[in-house]
Amino acid sequence: MDLFSTILPNKQEISKDAYLLKGFALVYEPALFADLAVILKQAPLRQMMTKMGFSLSASMTNCGALGWVSDRSGYRYDALDSLTNQPWPAMPVSFKQLAESAAIAAGFKNFQPDVCLINQYKVGAGMGLHQDKNELDFSQPIISVSLGIPAVFLFGGLQRNDKTMKLQLYHGDVVVWGGESRLKFHGIMPLKAPVTLKVVHPVLDTARINLTFRKAG
Ligand code: MD6
Ligand code: FE
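Count along the sequence shown starting at 1, add 238, and that's the number in our numbering.
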């Protein structure tokens with residue numbers, strides 16, 4: 239048994255090289271929210287367009303040296319926010335510490351994220367099945383932090399048509415994936431209105447925020 243299975247009883251392997259760390263982000267919550275508020279003022283959430291001219295249902299922004307963007311010319315990483323023509327806000331220490339410690343807990347050493355994509359989902363918003371493959375180095379994992387109301391995460395295989403598993407992600411849950419799972423198809427089912435007030439967050443209300451950390455450049 240490895241050291242972290244004793245220290246982290248809430249670590250679940252969901253697939254080869256992919257882990258769910260239940261509640262891992264909860265101790266970071268006060269710092270994350272304070273830092274997030276500053277970022278959102280500087281680089282507001284916005285709905286981006288796809289190449290095909292549809293707008294993504296989640297609203298997005300970024301912090302870090304690079305940001306994930308999509309518009310009529312496609313999606314890519316860009317150092318500038320096209321809304322402000324300024325660099326994205328720097329990645330706060332709290333964000334970095336959360337991402338790096340989650341990576342270590344899942345067995346990925348030396349993860350140094352240069353992008354944090356911030357997704358906000360309101361009830362009804364979701365994200366279709368996709369692969370994350372715009373990053374240069376697929377040996378680096380992705381760290382995904384869920385905040386706010388629960389979502390159903392779809393997790394498939396290396397082919398779009400492969401069978402998907404469904405995973406409930408709750409406030410504070412962190413998914414870390416890399417290695418053999420790095421290029422697996424995944425998505426978010428359209429969010430349902432919460433059925434209990436217990437999952438309605440005092441700050442986020444009935445929204446979900448997802449932070450995904452990557453090393454893109
Ligand atoms: C989301 N997440 O949870 C969207 N990608 O809102 C992702 O697309 C994602 O959670 C790569 C790795 C983990 C993820
Ligand atoms: Fe993704």
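Glycine residues also receive a C-beta, built at the ideal position from the N, C-alpha and C atoms.
Between which two residues does the alpha helix (DSSP H) harbouring residue 443 extend? Per DSSP, residue 443 belongs to no alpha helix (DSSP H) and is neither H nor E.
Of the choices 423, 443, 379, whose alpha-carbon is the least far from that of residue 412? 379
Using CA atoms only, rank isn't needed, just tell me which of 246, 247, 355 is closest to residue 286. 355
Quick one, are the C-beta atoms of residue 423 and residue 405 less than 9 Å apart? no
Expressed to the nearest angstrom, what Euclidean distance is found between the alpha-carbon atoms of residue 398 and residue 368? 8 Å
Quick one: what does DSSP say residue 256 is sitting in, helix, strand or coil? Residue 256 falls in the strand class under three-state DSSP.
Where does residue 276 fall in DSSP's three states? helix
Tell me whether residue 382, by its Cβ, gets closer than 8 Å to a heavy atom of the ligand MD6. Yes, the beta carbon of residue 382 sits closer than 8 Å to at least one heavy atom of the ligand MD6.
Alpha carbon of residue 382 to alpha carbon of residue 416, nearest angstrom: 11 Å
Quick one: using the 10 Å Cβ neighbour count with 16 as the cut-off for buried, is residue 335 buried or exposed? exposed
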